[in-house]
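Scroll down for the structure; my scribbles are underneath it.
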Amino acid sequence: GAVVSQHPSWVICKSGTSVKIECRSLDFQATTMFWYRQFPKQSLMLMATSNEGSKATYEQGVEKDKFLINHASLTLSTLTVTSAHPEDSSFYICSAPLQEGTDTQYFGPGTRLTVL
Amino acid sequence: GESVGLHLPTLSVQEGDNSIINCAYSNSASDYFIWYKQESGKGPQFIIDIRSNMDKRQGQRVTVLLNKTVKHLSLQIAATQPGDSAVYFCAESPHYGGATNKLIFGTGTLLAVQP
């Protein structure tokens, strides 16, 4: 079964609104989680590394004030897309290692965001 | 934003044939590699991984080969089935051990299995 879950699986919102996406590790703790964005027919692009109890680390070109990440517990990281615009429409996916310090990451099912 | 007209490389095979999907990685410091399978509308699913101290690893119906000299990775799928149809991504990690490190994904290959 799935080891990483995401909620919601899809969301449609109006331009200018904010959307929160949750990523949960199931039956294991994850001090580190990763957030990716994927446009149609393209690869996964890492957006940021979510660190439990500290600030997220953003990849170059990703606006930290637009994509707010909070990792308040060992099983939950949230990504909030603030003031969403149509160009933010994408497939957002999170991942986590089953065991901290290991390299194998397991991915959530993804969240399809459509901004009208 | 989205790139109009972008198409994934496609590999079309007959059911029952063997498939070989190739990947060139960029960072010579990468020492851990993973293959993922992604079906439409879903998150990537782990298939098999390999460390840089190995050049071959086998799983159930899958084999990964690593050639560090030319920075090349391949995934071989034996007796390909219609359920294998998906996009396959290779990913590299530039570090082993310690804190979990981020993955860098390749462009992906669409495997289309013809019945």
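Residue numbers (the numbering used here), protein chains in the order written: chain A, 1451 to 1566; chain B, 3 to 117.
From the three backbone atoms N, C-alpha and C, an ideal C-beta is built for every residue, glycine too.
Just so you know, these numbers come straight off a predicted model, no measurement behind them.
With distances taken between CB atoms, is the gap from residue 1462(A) to residue 45(B) smaller than 8 Å? Taking the first residue of the first sequence as 1, we reach residue 1462(A) at position 12. Taking the first residue of the second sequence as 1, we reach residue 45(B) at position 43. No, the pair does not count as a contact, with Cβ atoms beyond the cut-off.
Listed from N- to C-terminal order along the chain, which residues in the region 17 to 36 of chain B have their beta-carbon within a distance smaller than 8 Å of any beta-carbon of chain A? 34 and 36
Tell me, please, which residues DSSP counts as bridged to residue 63(B). For the purposes of this step, residue 63(B) is taken as the residue at position 61 of the second sequence. Paired residue(s): none; residue 63(B) is not in a bridge.
DSSP three-state assignment for residue 94(B), whether helix, strand or coil: Taking the second sequence and counting its residues from 1, the one referred to as residue 94(B) is at position 92. Looking at residue 94(B) - three-state DSSP - the assignment turns out to be strand.
Rounded separation between residue 1474(A) and residue 1521(A) - CA only: By 1-based counting over the first sequence, the position of residue 1474(A) is 24. By 1-based counting over the first sequence, the position of residue 1521(A) is 71. If I take the Cα positions, the gap works out to 10 Å.
Could you pull out every residue in the same chain whose Cβ sits closer than 8 Å to the Cβ of residue 62(B), ignoring the five residues on either side in sequence? In the second sequence, counting from the first residue as 1, residue 62(B) sits at position 60. Within the same chain, residue 62(B) has no close Cβ partners at all.
On a Cα-Cα basis, can you pick out the residue from 1564(A), 1560(A) and 1547(A) that is closest to residue 1480(A)? Along the first sequence, read from residue 1 onward, the residue named residue 1480(A) stands at position 30. Cα-wise, what sits closest to residue 1480(A) is 1547(A).
Alpha carbon to alpha carbon, what distance is there between residue 55(B) and residue 20(B)? To locate residue 20(B), count along the second sequence from 1; it is residue 18. To locate residue 55(B), count along the second sequence from 1; it is residue 53. Residue 20(B) and residue 55(B): Cα-Cα distance of roughly 26 Å.
Looking at chain A, is there any beta carbon in it that lies within less than 8 Å of the beta carbon of residue 4(B)? Start at 1 with the first residue of the second sequence, and residue 4(B) comes out as number 2. For residue 4(B), the pLDDT reaches just 36, beneath the cut-off of 50, and the residue's location in the model is therefore unreliable, leaving the point undetermined.
Confirm, please, whether the CB-CB distance from residue 75(B) to residue 35(B) is below 8 Å. As a working mapping, residue 35(B) is identified with position 33 in the second sequence. As a working mapping, residue 75(B) is identified with position 73 in the second sequence. Result yes, Cβ atoms of residue 35(B) and residue 75(B) sit closer than 8 Å.
Burial state of residue 1499(A), where buried means 16 or more other Cβ atoms lie within 10 Å: Counting from 1 along the first sequence, the entry for residue 1499(A) is found at position 49. Buried, by the Cβ-count rule.
Option nearest residue 26(B) by Cα separation, candidates 69(B), 65(B), 57(B) and 82(B): Counted from its first residue, the second sequence places residue 26(B) at position 24. Minimum Cα distance to residue 26(B) is reached at 69(B).
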